[in-house]
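For reference, the structure discussed in these notes is given below.
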Amino acid sequence: MSENIIKTEKGYNLYCRYWNEDSKYAREDIKALLFIVHGYCEHCLFYNELAETLKEQGLYVFSHDHVGHGQSEGTRAHVGDFMEYVQDVFYHIELVKKKFPQKPVFLLGHSMGGAVSILAAISKPNYFKGILLIGPLITPDKKSATPWKIAAGKIAARFRPQMIVAKIDPLKVSRDAVFVKRYKEDPLVWHEGVKCGWGVAMLHALSQITSSFQDMTLPFIVLHGSEDTICELEGSQLLYDKAASKDKQIKIFDGAFHQIHNDTPDVKKETNKTISQWIADRL
């Protein structure tokens, strides 16, 4: 593994992780590039185990901490427009593609990273070989996104965009007690909660996504835990039902929570196996 810092077009330094620097695969043996798009409040190091598995099948696996997340610069857990996340993803991928010209690119996004991945796929439908979505954020929580709360939130965001409006319960992230403990104690995780301004940006992004399902034409697979209370399974099912893609799959993991790639050992194993096979079938 190796680390690096890249500067975004807005001038922020982003922490980057590359998992292949100690790989047995030489550069010419790399079959495809895989960029991992992490979720809200977390960081890219939560994907170490998954990345180590995927690099062994000849994928060049890399990621970065989003602006305002982990070891990257920026206001913590805040952005005014999700397209800033999207632009940073494309910028980073383009840098890596200079080393691996002509290699196909896959995108793997979890939670908020799933929303970012969908926005990227919609904006450049021919750019990716396929995208993989783990517990993606597609539709807002019905209880917290009532019409009056949305209206109040938009007003509040103008004056107090950094105001905390909701909390993420660590006990709902995974059923693995060891991982939950790690998550709760990780200083790189933003533990304070969801910010008002970010929430408004999120709602705008989800509106873009749900109104653009017919533009989702590339191959994709959605993996979702049946007991995920952070990102609704209904959103994943809606994407699967409405997307125009001819090559689409959905797999629901019975009993699993939000981070199926960090859930119980059997779920983690099945998640890694499913992802590996899906990519292999499209190379």
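Per the UniProt record's numbering, the very first residue in the sequence shown carries number 1; after that it's consecutive.
Note that CB positions come from ideal geometry on N, CA and C, so glycine has one too.
Here the structure is a predicted model, which means the values were calculated and not measured.
For residue j and residue i, the rounded distance between their alpha carbons
| i | j | result |
| --- | --- | --- |
| leucine 59 | glycine 11 | 29 Å |
| phenylalanine 159 | glycine 197 | 9 Å |
| arginine 175 | leucine 119 | 29 Å |
| histidine 64 | isoleucine 36 | 8 Å |
| cysteine 16 | glycine 68 | 13 Å |
| glutamine 57 | valine 267 | 20 Å |
| tyrosine 18 | aspartate 88 | 16 Å |
| phenylalanine 179 | methionine 202 | 26 Å |
| lysine 7 | histidine 66 | 12 Å |
| aspartate 141 | methionine 112 | 13 Å |
| tyrosine 91 | lysine 181 | 34 Å |
| isoleucine 138 | proline 104 | 25 Å |
| proline 170 | glycine 135 | 15 Å |
| serine 72 | glutamine 277 | 32 Å |
| cysteine 41 | alanine 77 | 6 Å |
| serine 2 | proline 161 | 35 Å |
| lysine 251 | glycine 109 | 15 Å |
| glycine 193 | glutamate 185 | 15 Å |
| glycine 80 | leucine 206 | 14 Å |
| glutamate 21 | lysine 99 | 13 Å |
Backbone secondary structure at residue i - three-state DSSP
| i | result |
| --- | --- |
| phenylalanine 128 | coil |
| cysteine 16 | strand |
| glutamate 227 | coil |
| serine 174 | coil |
| valine 79 | coil |
| isoleucine 250 | strand |
| leucine 133 | strand |
| isoleucine 36 | strand |
| phenylalanine 159 | helix |
| aspartate 29 | helix |
Limits of the unbroken alpha helix (DSSP H) element including residue i
| i | result |
| --- | --- |
| histidine 110 | Note, histidine 110: premise wrong, no alpha helix (DSSP H); beta strand (DSSP E) at 105-110. |
| glutamate 240 | Residue identity check: residue 240 is tyrosine in the sequence provided, not glutamate. Its alpha helix (DSSP H) spans residues 233-242. |
| leucine 54 | 48-55 |
Within 9 Å, strictly: CB atoms of residue i and residue j
| i | j | result |
| --- | --- | --- |
| alanine 243 | methionine 216 | yes |
| phenylalanine 106 | lysine 129 | yes |
| leucine 54 | leucine 133 | no |
| isoleucine 131 | proline 219 | yes |
| histidine 191 | glutamate 49 | no |
| leucine 45 | leucine 239 | no |
| glycine 225 | glycine 255 | yes |
| serine 212 | isoleucine 122 | yes |
| valine 165 | glycine 114 | no |
| valine 173 | glutamine 259 | yes |
Extent of the continuous beta strand (DSSP E) run through residue i
| i | result |
| --- | --- |
| glutamine 214 | Segment: none, glutamine 214 is in no beta strand (DSSP E) and carries neither H nor E. |
| leucine 95 | Per DSSP, leucine 95 belongs to no beta strand (DSSP E); it is in the alpha helix (DSSP H), 83-97. |
| isoleucine 279 | From DSSP, isoleucine 279 is part of no beta strand (DSSP E) but of the alpha helix (DSSP H) over 265-280. |
| residue 287 | The chain is shown only over 1 to 283; residue 287 falls outside these bounds and no answer can be derived. |
| lysine 7 | 2-7 |
| isoleucine 164 | 164-166 |
Runs of 4 residues minimum, wholly inside the stretch 180-225: which ones carry the alpha helix (DSSP H) assignment? Fully enclosed alpha helix (DSSP H) runs of 4 or longer: 196-210.
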